[in-house]
Each structure stands twice: as structure tokens, then as C-alpha cells.
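Scroll down for the structure; my scribbles are underneath it.
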Amino acid sequence: MAPSILLQYLLPHRLLSRIVFKATRWTWKPWKNLLIRQITQRFKVNLDEAAEPNVDAYVHFNAFFTRALKAGARPIDTDPATLLCPADGHISQSGPIRAGRIFQAKGQDFTAAELLGDDATALPYAEGQFITVYLSPRDYHRVHMPLDGSLISTAHIPGRIFSVAPKAVESIPRLFARNERLVCHFQGEHGPFAMVLVGAMLVSSVSTVWADLEIPPYASKIRTKSYGDRDIRLKRGEEMGRFNMGSTVILLLPADGSTLDSGLLAEQAVRVGQTIGRARPAES
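Take the sequence shown: its position 111, counting from 1, is numbered 167 in our numbering, and each next residue is one higher.
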């Protein structure tokens, strides 16, 4: 095991993440501008597409990191029969879920039940499909709906906070099923789908449009919330949440639901709103 990976097992994940959470919300102008400029220069962030391109205008680093984009910067495919990409980033993996198992990397996989924290909610996805999108520090960090959906429930699942960078994904067994994460269950026109927002080392904060900050606080046990009586409906392409630092989103589709394009490749760059598949055809 590489020393950098071994170190991740030893580091105090939550303590480091709490420190970063505070540091990225410090409003002292020299500090927050230094962080913003370091990130924009190191990762070549495209500020031209930001709704607010002036870094001095952001109250703290996290406000910049979760910045909105200009209108039209992410055009949404208007064909309602298409499945939309939920996030900017690169595809980590995508494809079929076989006997309830999801491919992570060569020699690594995990079960849908482990990821979702529940055997019953994993059943519809046992022979379904998945796509995992990795968001780097240069990416737009808001997550959008791939389909129209009504929010049914969420599950905040406790765990470690390993890095989700490619080397870690290749090396750490069941990484996405071990990290702290928020599982969001939706009901679409033709069946359920799940969006899993996975935390990562130093960057484990997650917000949603219906509850604002969800993580932290960090969980000591699985915490579920039911929204079936709240009538929370989100449109295809609408924002559903954001990473207050970057991480990974996993979309699960049931066997008889929408289908991913077969030509999607690992490491392929993707953007919010682009077509990644087809919605389930309407029944005649």
C-alpha cells in the first residue's frame, strides 16, 4: 500500500474536516482571497462562467467554492426523454449493477445495500445501473436533478472520510460505502432513483435545497428523514444540493428505469445538463 494511502487510515478524518470547515468560512479578507486565488490558479478555475467573477465579492472561501454560474453556462437538454448528468466532473465509473454489486475500480466493488445503508431500499437497484461522478476542486460544485422527482426520504450514513481522488478509489476497498454520505431517495414518473452525495477528506460538508446544511454535524448512527408528506418536487435540471467542498455523487437507476448511454467512459469529462442516457419510455 502506498504511504499516501496508508496515511489516510491513520489521520483523524473528522477533526481535520472540522478545521477545514471553519477555515473555509473565515471572512477575513486577506485569508479568503488567498485561498480563492490559490485554488483558481492551481486548478485553472474558469471564472468567466461564474455569476460573480470578482473574487473580492465572496464573503468567504466556501461562498466562492459553491458559486453560482451565469445563466446559460450549463444549457439543459430540453428533450424530456433524456437523462441529465447531475454534476460537473469526470466519470469515475458507470454501467450495470450486477447482483446488487457496484463497480468501484479494478478489483474493487461494493453492494448497493452497503452504499444506501439498507437492504430494502437497495432492492430496486439489484440489476439496475449506476454512474459515479468525481468533482475536483476546479469544478462547479452544485448537484442537479437528472430527472423530475419527488423527494421520499434521506439517510445520513456515518463513516470515514477518505479521499475520493482516483488513487484512493483504486486502493481503498469499498471506499464509497465507507465514507460519510447523504442518500437521497426520489420517486420519478416511472419509478425510484437515488442520489448519493459522498463526503471526502477535508471536504465532507453537504447541503440540500430542502434542508440547507446536512453534514456536518457528523453522524454516529444512520439518521433517516421522511419527506413523503412534504410534497417536495424537483424538476429535471434543477439544483438539489451542493458540496461545500468537492467530492463524489453516485446516481442509481432501477432495472426497469432510465438507461445510461453505453458509450460513457471512465475518466470522461461531463457537465451538468448534458445527456447521459434515456428516460424510460412512456407506456403505451
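Cβ atoms here follow ideal geometry from the backbone N, Cα and C, with glycine treated the same way.
Given this structure, state the Cα-to-Cα distance separating residue i from residue j, to the nearest angstrom.
| i | j | result |
| --- | --- | --- |
| M301 | M201 | 19 Å |
| G329 | H246 | 20 Å |
| E323 | P59 | 24 Å |
| L307 | D317 | 14 Å |
| K78 | Q164 | 34 Å |
| G145 | M251 | 16 Å |
| I217 | T80 | 18 Å |
| S209 | S282 | 4 Å |
| D195 | V220 | 14 Å |
| L231 | C240 | 19 Å |
| Q97 | L91 | 10 Å |
| A137 | R334 | 6 Å |
| G255 | A178 | 20 Å |
| R154 | F186 | 10 Å |
| P131 | E295 | 13 Å |
| F120 | K126 | 14 Å |
| W87 | L140 | 37 Å |
| T83 | S261 | 18 Å |
| V101 | Q243 | 35 Å |
| Y65 | R327 | 32 Å |
| T122 | L290 | 20 Å |
| L103 | G319 | 30 Å |
| R237 | D204 | 22 Å |
| Y274 | D268 | 15 Å |
| I75 | G293 | 33 Å |
| G173 | W266 | 21 Å |
Could you have a look at residue i and say whether DSSP puts it in helix, strand or coil?
| i | result |
| --- | --- |
| A168 | helix |
| Q330 | coil |
| H69 | helix |
| D104 | helix |
| S60 | helix |
| S227 | helix |
| L90 | helix |
| A79 | helix |
| P273 | coil |
| R98 | helix |
| R336 | coil |
| R74 | helix |
Starting from the C-beta of residue i, find all residues in its chain whose C-beta is less than 7 Å away, skip the five residues before and the five after it, and write them out in chain order.
| i | result |
| --- | --- |
| G313 | G184, H246, G247, F249 and R336 |
| H69 | R216, I217 and M257 |
| A129 | E105 |
| V115 | T83 |
| V225 | S148, Q160, A161 and L231 |
In chain order, what residues of the same chain have a beta carbon less than 6 Å from the beta carbon of residue i, not counting five sequence neighbours either side?
| i | result |
| --- | --- |
| R279 | H212 |
| P180 | P248 and P310 |
| T264 | E270 and G297 |
| T167 | G156 and R157 |
| A233 | F166, E170 and L171 |
| I228 | F218 |
| N118 | T80, R81 and N300 |
Can you tell me which residues form a DSSP beta bridge with residue i?
| i | result |
| --- | --- |
| P248 | Q243 |
| R198 | R298 |
| E254 | According to the sequence shown, residue 254 is Val rather than Glu. Beta-bridge pairing links V254 to R237 and T304. |
| R216 | N235 |
| G184 | According to DSSP, G184 bridges with nothing at all. |
| D268 | T264 |
| R279 | H212 |
| V189 | I147 and V305 |
| L207 | F242 |
Closer than 8 Å by C-beta to residue i: which residues in its own chain qualify, once you throw out the five before and the five after it? Chain order, please.
| i | result |
| --- | --- |
| D287 | S206 |
| S276 | P214 |
| L191 | A143, D144, G145, H197, F299, G302, S303, T304 and V305 |
| R93 | V111 |
| T331 | D133, D135, T138, L139, L140, C141 and D317 |
Any chance you could list the beta strand (DSSP E) runs of at least 3 consecutive residues sitting entirely within the region 108–180, in chain order?
138–140, 145–152, 157–161 and 164–167
What runs of the beta strand (DSSP E), each 3 residues or longer, lie entirely inside the region 281–324?
295–299 and 304–309
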